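> Handing you this structure, nothing more for now.
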Amino acid sequence: MINEIKNRFRLLYNKEAEILVKAPGRVNLIGEHTDYNAGLVLPAAIDKCMYFLFSSNDSNVGRVYAKDLNKQATIDLNNLEKTDSVWVNYIVGLLLEFKIKGLSLKGFECVFSSDIPIGAGMSSSAALECGFAMGMNHINQLNLGSWEIVDMSHHSNHTFMNIYGGIMDQFTSLFGQNDKCMLMNCADRSFSYHDIDLKEYSIVMLNTNVKHEHTISGYNERSAECKEIVKRLQKFDSDIKSISETNNETIDTAGIEWPDNLKRRARFVINENDRVLEFSRAMKNGDIQKLGELLYQSHYGLQHLFEVSCPELNLLVDLTRDNQHILGARMMGGGFGGCTINLMKSDCVEEITNTLISKYKERVGIQAESYFIKVSDGAHVMML
201 MINEIKNRFR LLYNKEAEIL VKAPGRVNLI GEHTDYNAGL VLPAAIDKCM
251 YFLFSSNDSN VGRVYAKDLN KQATIDLNNL EKTDSVWVNY IVGLLLEFKI
301 KGLSLKGFEC VFSSDIPIGA GMSSSAALEC GFAMGMNHIN QLNLGSWEIV
351 DMSHHSNHTF MNIYGGIMDQ FTSLFGQNDK CMLMNCADRS FSYHDIDLKE
401 YSIVMLNTNV KHEHTISGYN ERSAECKEIV KRLQKFDSDI KSISETNNET
451 IDTAGIEWPD NLKRRARFVI NENDRVLEFS RAMKNGDIQK LGELLYQSHY
501 GLQHLFEVSC PELNLLVDLT RDNQHILGAR MMGGGFGGCT INLMKSDCVE
551 EITNTLISKY KERVGIQAES YFIKVSDGAH VMML
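Numbering (the working numbering), first residue to last: 201 to 584.
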């Protein structure tokens, strides 16, 4: 892939690139929809990445080529406006963040390509943001730190892209380490690295290959519901800043007259935070069976309490339940489509996935895909 984008860069711009940036996607072992609730998450960077080539120029123009889409964009750095193209808007939003910080930018050329499945819940958009921002940071010698890039990407998501998520995806793409997951408290951004030792089991992703129309609107709706819950909790206790600071007893008391959907959302977040801690402890203790149980519990909550799953995701999870070589599964990511994360016996992964994919196609007529994940390092820049 790198040689392909090098050749394309040379053909498009008649020059050599100065730097290569590699930004990974991520898996989230457990802790879904908790990051924007100031809760706990347990993600890891993966070996599926987005690759960027950059060079600088003396103009006020940026030229970007998205190889996988075979699309080009020319961006006037003095006139940054929203376009009809989502991928271009991610870039324009980030460029605006540099401007907001009062930073001067050179013109640039960029080509990028990815092997992160789009719409699969592996955070290809965060890889795009982090890789592009890291490249601009480097060619302009701005010396921004990783947390600054996380914040710029997160702010752009909220103010320019109108996606009201948390910081987990960008954090993971930048801070990942080989063979490690990261237990992060999104309230204070404290985190620690933990070895991933799954014994004779492996992490396998199964992609439903569906993405329902309400993916973004549904995600933002859940975010809005959680903000409404906090407002209601603050009438009970003005010191409460997030659902993650509370417990089920508080919801029983404060939420006695709340709509049922808000009570369900709050209980999911509280229980999911508990599951993250349980998962971390079980992994440390080598209790692989417990990890699988927690994955199934998480999916139940996502399906019935937070209500962000869909029939195809539920089917893929249900198909695993009677297989003795699968310890657990759940939907992963924002929901309404995308992937399930599965804990499978390593020595029969191919046979298991083929069976699941075949049964899934029989039921819904869609060809699912499987991905075998290796945990990798976070984003980095290489001089060329």
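Positions of the beta carbon are idealized from the N, C-alpha and C atoms, including for glycine.
All of these numbers come straight from a predicted model, not from anything done at the bench.
Since Asn-485 contacts Thr-234 with CB under 8 Å, what's their CB separation in whole angstroms?
On the sequence shown, position 285 is the one that residue 485 refers to. On the sequence shown, position 34 is the one that residue 234 refers to. Not quite, the Cβ-Cβ distance comes to about 22 Å (not below 8 Å), so this is no contact.
> For Met-368, count the other beta carbons within 10 Å of its own beta carbon; 16 or more makes it buried, fewer makes it exposed. Which is it?
Taking the first residue of the sequence shown as 1, we reach residue 368 at position 168. It is buried - the Cβ of Met-368 has at least 16 other Cβ atoms within 10 Å.
> With 16 as the cutoff for other CB atoms within 10 Å, does Pro-459 come out buried or exposed?
Here residue 459 corresponds to residue number 259 of the sequence shown, with the count starting at 1. Here Pro-459 is exposed, its C-beta having fewer than 16 other C-beta atoms within 10 Å.
> Around the C-beta of Phe-468, are 16 or more other C-beta atoms found within 10 angstroms, so that it is buried, or is it exposed?
On the sequence shown, residue 468 is found 268 positions in, with the first residue counted as 1. Buried: at least 16 other Cβ atoms inside 10 Å.
> Exposed or buried, which one is Val-227 when buried takes at least 16 other CB atoms within 10 Å?
Here residue 227 corresponds to residue number 27 of the sequence shown, with the count starting at 1. Answer is buried; the Cβ neighbour count reaches 16.
> Are three or more beta carbon pairs between the segment 368-381 and the segment 347-360 nearer than 8 Å?
yes
> With 9 Å as the threshold, decide whether the Cβ of Cys-510 is near any Cβ in chain B.
The structure shown contains no chain B; it holds only a single protein chain.
> Would you call the segment 309-316 in contact with the segment 208-223, where contact means no fewer than 3 C-beta pairs closer than 8 Å?
At 8 Å Cβ cutoff, the stretches touch.
> Let me check one thing: in DSSP terms, what residues is Asp-276 bridge-paired to?
Sequence index remark: in the sequence shown, residue 276 carries index 76 (1-based). Partner(s): Val-261.
> Which same chain residues, not among the five before or five after Leu-515, have their C-beta less than 7 Å away from its C-beta?
One-based indexing of the sequence shown puts residue 515 at position 315. Here the set comprises Tyr-560, Arg-563, Val-564.
> Looking at the structure shown, is Met-322 part of a helix, part of a strand, or coil, going by DSSP?
In the sequence shown, residue 322 corresponds to position 122, counting from 1. Reduced to three states, the DSSP call for Met-322 is coil.
> Using the beta-carbon count (16 or more within 10 Å), is Ala-454 buried or exposed?
Working through the sequence shown from its first residue, we reach residue 454 at position 254. The residue is buried, with at least 16 neighbouring Cβ atoms inside 10 Å.
> Using three-state DSSP, classify Thr-453 as helix, strand or coil.
Within the sequence shown, residue 453 is the residue found at index 253, counting from 1. In this structure, Thr-453 counts as helix in the three-state DSSP scheme.
> Between which two residues does the alpha helix (DSSP H) harbouring His-580 extend?
Position 380 of the sequence shown, counting from 1, holds the residue named residue 580. Counting along the chain, His-580 falls outside any alpha helix (DSSP H), though it belongs to the beta strand (DSSP E) covering 580-583.
> Can you have a look at Pro-511 and say buried or exposed, based on whether 16 or more other CB atoms are within 10 angstroms of its CB?
Residue numbering aside, residue 511 sits at position 311 when the sequence shown is read from its first letter. The residue is exposed, with fewer than 16 neighbouring Cβ atoms inside 10 Å.
> Just mark Met-483 as buried or exposed, buried being the case when its beta carbon has 16 or more other beta carbons within 10 Å.
Start at 1 with the first residue of the sequence shown, and residue 483 comes out as number 283. Buried is the call here.
> With distance defined between alpha-carbon atoms, name the residue in Ser-313, Ile-202, Gly-239 nearest to Leu-328.
As a position in the sequence shown, residue 328 is number 128, starting the count at 1. Of Ser-313, Ile-202, Gly-239, the residue nearest in Cα terms is Ser-313.
> Provide the residue(s) that pair with His-394 in DSSP beta bridges, ordered along the chain.
Taking the first residue of the sequence shown as 1, we reach residue 394 at position 194. Looking at the DSSP assignment, His-394 forms a beta bridge with Cys-381.
> Roughly how many angstroms lie between the CA atoms of Leu-477 and Asp-315, to the nearest whole one?
Within the sequence shown, the letter at position 277 stands for residue 477. Within the sequence shown, the letter at position 115 stands for residue 315. Using only the alpha carbons, I get a separation of about 31 Å.
> When the Cα atoms are used, what is the spatial distance from Gly-319 to Ser-442?
If you number the sequence shown from 1, residue 319 lands on position 119. If you number the sequence shown from 1, residue 442 lands on position 242. Rounded to whole angstroms, Gly-319 to Ser-442 spans 28 Å at the Cα level.
> Going by CA-CA distance only, name the one from Asp-522, Met-532, Phe-506, Ile-470 that's closest to Leu-495.
Working through the sequence shown from its first residue, we reach residue 495 at position 295. Out of Asp-522, Met-532, Phe-506, Ile-470, Met-532 has the C-alpha closest to the C-alpha of Leu-495.
> With a Cβ-Cβ cutoff of 9 Å, do Val-575 and Ala-244 count as a contact?
Looking up residue 575 in the sequence shown gives position 375. Looking up residue 244 in the sequence shown gives position 44. It is a contact, given that the beta carbons lie within the stated cut-off.
> What is the DSSP secondary structure of Pro-511, reduced to helix, strand or coil?
As a working note, residue 511 is residue 311 in the sequence shown. Helix, per DSSP.
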